[in-house]
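>
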């Protein structure tokens, strides 16, 4: 039996990046897409608890089905696995996101949240992102690498409890072509978030989130260095958030 892939994202079911990922996955097996109805970026690992979830079907071929859900990316993965896959998915794939999920961005990402939800439930999962926010971004340079990554994951498997966070360099990198792939660590960075106060036409105040990405960690083993120098970055991320190396230090503080 052909492999089954469950695909999701946080840019919406009709996003170009998701369509590109689906086209590649269909070369390897059957595909079920369960995506958000609208852009749901920065949803991280959130769930919907205050309203019912509804699903619409947009494509129904024997080997390719497309659904959209009014929930979060994590909702989509949960629903897709439980109610819309006729067998166990071989891989859960999320993306290709329009915009970076490297470094600290993975913490906020609905794309990586969807992939992490797959891993949490015992499925191998990969999140893909391109450093280009434009709705009509060019995803074709990503295709051979997506194909190679999916092929390796099917043939050799992925480590348990680890999600792969894959980012592709955009047009702002120093190189105009992708030079290869590097497995690396997430660079230490942060967002200088602020809320800009504005006044609506009725004279009432509202606030709009703004911010600037700041990275001072450009070591050659980081994802930011890889992307800036024309490489695909692959960061293996654990879903275990325990800070194992500080357990003894914290024990000394609280265990008497």
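In the numbering used here, the protein residues as written are 8 to 263. No residue lacks a Cβ here, since even glycine has one placed at the ideal position from N, Cα and C.
Distance cutoff 9 Å, beta carbons only. Does residue 162 sit that close to anything in chain D?
This model lacks chain D altogether, as it is built from one protein chain only.
> Only counting runs of 3 or more residues, tell me where the beta strand (DSSP E) segments fall wholly within the region 181 to 239, in order along the chain.
187 to 190, 196 to 198, 201 to 206, 212 to 217, 220 to 222
> Identify the residues that DSSP records as bridge partners of residue 88: which are they?
None, per the DSSP bridge assignment.
> Is the beta carbon of residue 87 sitting closer than 9 Å to the one on residue 58?
no
> Which residues does DSSP pair with residue 76 in a beta bridge?
Per DSSP, 43, 62.
> Buried or exposed: which applies to residue 216, given that a residue is buried once 16 or more other Cβ atoms fall within 10 Å of its Cβ?
exposed
> Going by alpha carbons, who is nearest to residue 52 out of 209, 254, 84, 175?
Relative to the Cα of residue 52, the nearest Cα in the group 209, 254, 84, 175 belongs to 84.
> Tell me whether residue 142 is buried or exposed, calling it buried when 16 or more other Cβ atoms sit within 10 Å of its Cβ.
exposed
> If you draw a straight line from the C-alpha of residue 229 to the C-alpha of residue 208, how long is it?
46 Å
> Excluding sequence positions up to five away, which residues of its chain have a Cβ less than 7 Å from the Cβ of residue 31?
150, 153, 154, 157
> Between residue 54 and the rest of its own chain, which residues show a CB-CB distance below 7 Å, the 5 nearest in sequence each way excluded?
If we look at residue 54 and ignore the five residues flanking it on each side, its Cβ neighbours are 79, 81, 82.
> Would residue 121 pass as a contact of residue 132 if the rule is Cβ separation under 9 Å?
Result yes, Cβ atoms of residue 121 and residue 132 sit closer than 9 Å.
> Answer yes or no: do residue 118 and residue 104 have a C-beta to C-beta separation smaller than 9 Å?
yes
> Report the partner residues of residue 14 according to the DSSP bridge assignment.
40, 100
> Which class does residue 67 belong to by DSSP, given the choice of helix, strand or coil?
strand
> Are the CB atoms of residue 43 and residue 146 nearer to each other than 9 Å?
Contact annotation: residue 43 and residue 146 have beta-carbon atoms that are not nearer than 9 Å.
> Please determine, among 200, 89, 214, 160, the residue with the shortest C-alpha to C-alpha distance to residue 124.
89
> By Cβ distance below 6 Å, which residues in the same chain neighbour residue 106 in space, the five residues on each side in sequence not counted?
Within the same chain, 140 come within 6 Å of residue 106 by CB-CB distance, once the 5 residues on both sides are set aside.
> Decide if residue 34 is buried, meaning its Cβ has at least 16 other Cβ atoms within 10 Å, or exposed.
Residue environment for residue 34: exposed (fewer than 16 other C-beta atoms within 10 angstroms of its C-beta).
> Please list, in chain order, all residues of the same chain as residue 1 whose beta carbon is under 6 Å from its beta carbon, the five residues on each side excluded.
A query on residue 1 cannot be resolved here, the shown segment of the chain reaching from 8 to 263 and no further.
> Contact defined as beta carbons within less than 8 Å: I believe residue 169 pairs with residue 245. What is the distance between those atoms, to the nearest angstrom?
Contact flag correct, Cβ pair sits at about 6 Å.
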